[in-house]
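2 protein chains.
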Amino acid sequence: MANTAVHGTTAGYVSPDITAIAPGIWKLRFGTPETFTPLQCRERQADMAGLATLPEAPAPPFDVSRARGRITASRTVVYLPGAGADDEIYGFGLDPACYRQKGLRKELTVAAAPVTQTGASHGPVPFYLSTLGYGVYVDTARVPVVEVARLAAKSSAEPPAAGETALKTSAAELYAPPQSQEQGEVVFDLRGNGQGVEVFVFAGPQMRQAVQRYNLFAGGGCLPPLWGLGMKYRTWTQADQAMAMEHARSMRRHKIPADMFGLEPGWQTHAYSCSLAWDASRFPDPDGLVADLRQLGLRVNLWEHAYVHPSSPLFERLLTRSGDYLVWGGLVVDFADPEASRIFAAYHEDELVAKGIAGFKADECDRQPITDATPFNYPYCSVFPSGIDGEQMSQLYGYLYQRSLYSVFRRRNQRTWGDVRATTALAAPLPFCLYSDAYAFDEYLRQLLNASFAGLLWSPEVRDAGSLEEYLNRLAMSSFAPQLCLNPWFIPHPLWQQYNAAKNSRGELLPAAEQERVAARMRDIVQLRMQLLPYLYAGFRRYQSEGLPPVRSLLLEFPADTRLRDIDNQFLFGDHLLVAPFMGPGCEREVYLPRGTDWCDFRTGERHAGGSEVRVAAPAGDIPVFVSTPCLLPLAAPLEHVADDAVFDITVRVYGQDPACFDLFEDDGVSFDYEQGRFNRVRLTWADGKGTATRTGTYPAARYNISGWERVGT
Amino acid sequence: MANTAVHGTTAGYVSPDITAIAPGIWKLRFGTPETFTPLQCRERQADMAGLATLPEAPAPPFDVSRARGRITASRTVVYLPGAGADDEIYGFGLDPACYRQKGLRKELTVAAAPVTQTGASHGPVPFYLSTLGYGVYVDTARVPVVEVARLAAKSSAEPPAAGETALKTSAAELYAPPQSQEQGEVVFDLRGNGQGVEVFVFAGPQMRQAVQRYNLFAGGGCLPPLWGLGMKYRTWTQADQAMAMEHARSMRRHKIPADMFGLEPGWQTHAYSCSLAWDASRFPDPDGLVADLRQLGLRVNLWEHAYVHPSSPLFERLLTRSGDYLVWGGLVVDFADPEASRIFAAYHEDELVAKGIAGFKADECDRQPITDATPFNYPYCSVFPSGIDGEQMSQLYGYLYQRSLYSVFRRRNQRTWGDVRATTALAAPLPFCLYSDAYAFDEYLRQLLNASFAGLLWSPEVRDAGSLEEYLNRLAMSSFAPQLCLNPWFIPHPLWQQYNAAKNSRGELLPAAEQERVAARMRDIVQLRMQLLPYLYAGFRRYQSEGLPPVRSLLLEFPADTRLRDIDNQFLFGDHLLVAPFMGPGCEREVYLPRGTDWCDFRTGERHAGGSEVRVAAPAGDIPVFVSTPCLLPLAAPLEHVADDAVFDITVRVYGQDPACFDLFEDDGVSFDYEQGRFNRVRLTWADGKGTATRTGTYPAARYNISGWERVGT
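From first to last, the protein sequence lines are chains A and B.
Start counting the first sequence at 0; every next residue gets the next number (numbering that gives the first Met the number 0).
Start counting the second sequence at 0; every next residue gets the next number (numbering that gives the first Met the number 0).
As structure tokens, then:
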């Protein structure tokens with residue numbers, strides 16, 4: 000029982016019960032945890048085998064006995080040692096508005112839009128990383144208010160320095176961020192939790208390993224189906240079956256690679272809330288549609304949300320297993336009730352997945368932010384039969400919704416790749432990408448980086464743009480994201496026929512030659528992603544088995560380069576590619592190349608020393624990409640889509656001297672058989688001027704045909 | 000034990016224990032109330048004598064047994080019957096952003112700036128009014144989330160009407176406010192309160208009487224000193240003693256009426272946080288300053304805040320009686336500890352009030368809003384020795400701070416008139432006006448109206464403007480507020496010497512003749528207020544004895560005129576004057592004159608029927624004022640300031656036929672002796688073409704000399 004006295008009183012601070020629960024992971028227990036937390040709801044158990052492969056960490060990364068808790072009737076508060084003046088803090092989920100976190104007050108609520116820099120987002124996560132080389136996760140489904148090294152304890156009071164009495168006379172001076180609070184603790188305030196909480200500390204030695212441990216603690220990253228790494232194309236919300244097919248065929252005529260075809264709300268008889276039933280007037284033959292699209296190499300993804308309209312076949316089944324308030328007139332499913340989750344899943348299996356639907360877009364499971372005074376969500380005081388309350392449900396709804404949908408695919412030994420509008424902590428195993436209405440370029444990009452600190456996947460959907468250049472740059476950025484998605488749901492004609500939304504809606508299409516030119520540029524950009532598909536798949540394999548995010552902040556890879564602490568517009572794609580998107584319609588930018596390795600321009604082969612700044616100008620869509628050198632980079636001949644029996648013809652680029660080997664991951668790409676060991680490692684090695692591919696494993700077919708080696712930048 | 004079943008579960012709803020506690024007031028008790036609530040901290044006991052004078056209300060204004068509560072470990076929730084489709088809801092304190100409240104989600108947090116329409120404000124108050132003619136107060140110092148007739152209960156689910164299946168395809172359609180929730184309850188969610196709450200229901204028959212009951216329940220309104228109704232002028236923050244005196248003398252040379260002179264932070268040795276000690280370099284002779292200003296008829300008001308700097312004499316005394324975190328490096332006083340409050344008060348009495356300081360401006364006791372991610376306040380998880388938590392303290396800090404300061408004046412039998420940056424429920428007895436940095440014209444005006452629903456006083460300080468016209472219009476609006484305050488704290492020269500802030504700062508003053516012209520316009524505007532001073536004082540007397548706000552929404556006076564439900568830019572000043580400020584620099588506007596009485600233009604005497612709309616154009620500063628007709632309106636010859644022995648020479652304007660009598664309130668204007676009955680009623684009566692003034696009471700001197708009667712608009 001630590002007793003840090005407040006002057007004049009003895010407040011009830013408690014020390015944690017500390018347990019080492021896995022290599023490099025310690026649990027700090029304060030009081031009695033609540034029933035509904037991400038950990039209690041998690042998809043998978045910790046991957047102890049994966050954790051065992053990480054560097055040993057015999058002792059906690061900081062003096063965890065200095066952590067304090069305080070439990071009163073109204074709240075549980077956890078105080079964690081803060082970062083030093085030279086250290087920085089990252090994380091807290093998908094905040095679109097900020098990268099560095101020190102000095103901020105976060106209110107980690109699920110929200111459809113950012114609220115300044117409070118962390119309100121589609122993926123608020125009470126997990127943070129310190130540049131001191133560790134991570135901390137507070138397991139709560141409450142909306143935590145986190146004071147990030149911001150508060151000045153009373154004991155820090157000190158008389159002013161001489162000369163400091165000068166009056167401040169402007170509002171800017173008076174309200175400037177305080178300077179004296181650099182040493183403050185990280186304080187989590189869990190209002191409404193009067194009983195206690197568990198905190199998990201993840202050792203490094205660097206932030207990267209702390210992230211890996213956190214993701215492996217969550218069960219390891221998801222492994223998408225191979226086809227999931229291709230392009231997802233979503234249609235106009237009002238499209239009918241014939242029009243949808245026409246869009247698909249147009250895409251194929253233009254040879255724009257794509258693997259997934261998404262239908263927006265119009266497939267249902269009622270959306271907002273959802274009937275989850277095919278509208279026979281617009282889609283008279285869903286089975287035919289699925290088959291016809293599959294002919295074209297496209298798998299169907301259906302938009303939906305989990306507010307169940309009275310006209311839905313699910314309504315009666317879920318009436319007693321839902322919350323006390325409606326959203327858009329529909330039931331709020333009590334996903335914390337396993338039977339409700341099962342009923343929801345069973346319907347999806349019988350009516351949709353068994354009939355060929357390959358994935359879902361789980362929309363609107365987030366929440367309008369506090370700044371929207373007329374929101375639609377169920378309130379925090381909602382009542383659910385399972386006993387979860389509205390606040391916890393709001394934080395967990397997206398997560399539990401994903402689990403319900405995912406269970407269908409798990410049961411069928413069939414991988415899926417979905418979209419989701421909200422999630423929470425410990426989400427790495429779930430094969431869903433977050434997306435957003437927030438659309439500013441810098442926000443889109445920052446979310447990509449922040450996602451990698453928190454076990455999230457982010458899909459910067461391409462919807463609209465002010466110019467063709469911006470469209471191409473957005474498409475290019477998306478093509479270096481975990482998911483590439485084109486979602487112009489509000490325009491009736493395919494994007495390449497008219498990229499101006501107003502004209503598209505009016506049916507004023509581009510001349511045929513111009514359409515072809517637009518399609519060709521789009522094709523170029525998507526083809527580059529298809530070339531990188533085996534490479535990206537290998538990155539996802541590391542996510543799955545090692546917890547290492549396939550797309551990640553450069554800071555995770557180059558922790559010693561402190562200049563990176565502020566750079567939130569470049570990132571690492573897989574292990575070797577630094578991507579620096581053009582922002583908006585611009586086609587020129589500065590790129591900072593981290594210290595610690597050399598870099599080659601992916602397109603020109605030009606070599607640059609680490610630590611240098613490079614100015615790059617290029618046509619729209621050809622965003623700057625640099626290759627860490629030395630390395631081996633496998634590039635495939637681009638497929639138009641990934642068939643179940645697809646084989647990739649691969650040329651390996653050899654950058655620099657003595658590159659390390661590179662492991663491709665080979666399996667059926669569609670089932671969970673890899674979990675039973677049915678996969679191959681295809682190790683690429685370069686030695687003595689000669690490349691070798693060595694295949695080990697039990698998967699019987701060869702998907703990767705290594706047909707050439709090509710030296711670059713020597 | 001009411002049991003409103005949620006399908007499939009039996010949630011723990013409780014019915015209230017209902018007690019009639021005063022005429023027209025019922026207490027609904029759910030569980031056990033928390034220790035720290037506004038009611039537990041209130042300045043005064045209920046004014047039972049005042050309550051007894053209101054219309055009888057034998058039964059509650061709605062079926063209070065239908066109110067439900069739910070108490071869980073994390074929260075107390077109160078469900079109150081909602082308004083019907085034709086009814087509206089007002090209140091929730093000082094929200095600058097909205098007037099009608101139905102359909103909104105409020106989060107009633109003390110905040111320095113509005114957060115859309117959530118009610119975050121300097122004066123959030125969990126009290127609302129229904130146009131059905133009643134008020135409801137939820138006694139909590141938690142930050143309540145209130146769902147105002149917004150939620151759709153599960154039982155309201157219904158299949159879509161035929162034809163409703165048309166797809167919504169735009170974001171605007173999808174997120175349009177719901178239509179089906181008109182009948183929803185008003186739900187208060189008190190997160191962190193796991194034990195219970197008391198709710199008070201105030202009968203009408205109309206909203207006006209409900210407000211009166213609420214204010215009398217709080218102890219009745221404050222009665223300012225007579226001089227408090229004059230103008231308050233605040234100086235440049237960096238002014239020294241000589242410069243302050245020069246400003247005061249300039250004001251007197253120009254004969255601009257003023258009664259109070261405010262010093263901004265510069266009087267202290269350290270501000271942000273505060274030393275609360277005179278800076279001898281700038282103010283070598285505070286006693287001399289007070290005496291010299293008093294010579295000019297000006298009483299001194301001192302700016303301060305209650306974060307106590309280490310260099311303050313109070314620091315050591317309060318070290319053990321303050322919170323665990325600092326604000327701006329200063330202690331947060333534990334005002335919930337009576338001894339801390341006493342120490343704070345004693346210092347103010349000994350060092351300041353005993354030496355002639357007449358009032359204080361209690362700044363920064365509010366809180367940066369959630370949208371400011373780098374705020375300065377103590378967190379909700381703060382610990383205070385008294386046992387109050389940081390959330391409760393944040394909500395009550397301004398209120399308790401006022402009580403501490405006010406106690407000094409009560410003890411000395413000396414009235415005061417102060418400014419405060421935050422307050423809460425049951426604040427009517429405290430003689431402090433709220434003010435704000437939020438400065439948009441419509442917000443300023445809306446707060447004036449909303450304040451009258453919640454027992455608050457609002458001072459739309461004049462600080463800055465884009466033009467002389469806007470300055471004059473702002474001054475005119477302020478001159479019809481409970482307090483008239485001119486606060487150009489950031490400019491070194493008096494406003495009338497240069498109203499352009501940038502030029503003022505550079506010392507580029509107006510030509511002398513132009514200065515005189517500006518001063519003359521300001522003098523005109525303030526003189527009108529001085530003419531109305533006995534009339535306004537009578538209005539405050541009603542506030543004090545009847546709970547009726549002196550400046551109020553027209554809706555309180557004309558409840559049957561439903562057009563007023565949307566009109567948030569006109570108000571009633573005292574009992575008879577409708578004021579419709581010019582917005583910004585404009586000098587023309589529409590005015591709606593409520594049905595139920597006739598109206599005369601105050602300036603022209605032109606008569607208009609109630610229910611009509613009038614377009615008014617006038618010089619800047621001559622904002623539209625209309626007199627409800629018939630009535631008696633006493634106008635005084637304007638004084639330059641209100642001396643202790645001031646006598647007002649009054650002409651009574653007689654509007655229309657058979658006006659009701661008008662009661663002036665006469666007392667010493669500075670002490671609390673009126674509470675012992677030492678006051679007179681001076682009743683003005685018009686009958687048979689002749690006016691009479693009848694004085695009754697025990698106050699020995701005559702302050703009001705009724706020297707004439709003047710017929711208008713007959």
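The C-beta atom is built at its ideal place from N, Cα and C for all residues, glycine as well.
DSSP state of residue i mapped onto helix, strand, coil
i: glutamine 180 of chain A; result: Any reading at glutamine 180 of chain A must be qualified, since the residue scores a pLDDT of 46, below 50, and its modelled position is unreliable; no value is offered.
i: asparagine 300 of chain A; result: strand
i: glutamine 482 of chain A; result: coil
i: valine 198 of chain A; result: strand
i: aspartate 565 of chain B; result: helix
i: aspartate 672 of chain B; result: helix
i: glutamate 709 of chain A; result: strand
i: threonine 31 of chain B; result: coil
i: valine 352 of chain A; result: helix
Boundaries (first-last residue) of the alpha helix (DSSP H) holding residue i
i: lysine 502 of chain A; result: 500-505
i: aspartate 523 of chain B; result: 511-530
i: methionine 244 of chain A; result: 240-252
i: phenylalanine 440 of chain A; result: 440-451
i: arginine 207 of chain A; result: 206-216
i: tyrosine 346 of chain A; result: 337-347
Chain A contact residues for residue i, given Cβ-Cβ distances below 7 angstroms
i: isoleucine 369 of chain B; result: Glu106, Val114, Thr117, Ile369
i: glutamate 146 of chain B; result: Pro378
Own chain partners of residue i with C-beta closer than 6 angstroms, once the 5 adjacent residues on each side are dropped
i: alanine 475 of chain A; result: Ile524, Gly620, Ile622
i: arginine 366 of chain B; result: Val109, Ala110, Asn376, Ser393
i: glutamate 442 of chain B; result: Pro95
i: arginine 677 of chain B; result: Thr697, Tyr698
i: glycine 595 of chain A; result: Phe557, Gly609
Where the beta strand (DSSP E) containing residue i begins and where it ends
i: glycine 49 of chain A; result: That residue, glycine 49 of chain A, is in no beta strand (DSSP E); its alpha helix (DSSP H) goes 47-51.
i: methionine 230 of chain A; result: 230-233
i: proline 125 of chain B; result: 123-129
i: tyrosine 654 of chain B; result: 647-654
Cβ neighbours of residue i in the same chain (closer than 8 angstroms, five flanking residues each side left out)
i: isoleucine 342 of chain B; result: Leu313, Arg316, Leu317, Arg320
i: alanine 500 of chain B; result: Asp463, Pro487, Phe489, Ile490
i: glutamate 720 of chain B; result: Only positions 0 to 713 of chain B appear in the structure, and residue 720 of chain B is not among them; the question remains open.
Chain-order list of residues whose beta-carbon lies under 7 angstroms from that of residue i (same chain, five-residue window excluded)
i: proline 544 of chain B; result: Looking at the sequence itself, residue 544 of chain B is serine, so the reference to proline does not match. Here the set comprises Gly49, Gly219.
With 16 other Cβ atoms within 10 Å as the buried cut-off, status of residue i
i: glutamate 507 of chain B; result: exposed
i: glutamate 303 of chain A; result: buried
i: valine 252 of chain B; result: Reading the sequence as shown, one finds arginine at residue 252 of chain B and not valine. Arginine 252 of chain B should be labelled exposed.
i: methionine 529 of chain B; result: buried
i: glycine 688 of chain B; result: exposed
Neighbouring residues, chain A, relative to residue i (Cβ below 8 angstroms)
i: valine 186 of chain B; result: Pro378, Cys380
i: lysine 502 of chain B; result: Residues of chain A passing the Cβ test: none, with the nearest at roughly 17 angstroms.
Interface partners of residue i on chain A, CB under 9 angstroms
i: glycine 193 of chain B; result: Ala72, Ser73, Gly191, Gly193
i: glutamate 157 of chain B; result: Pro309, Gly328
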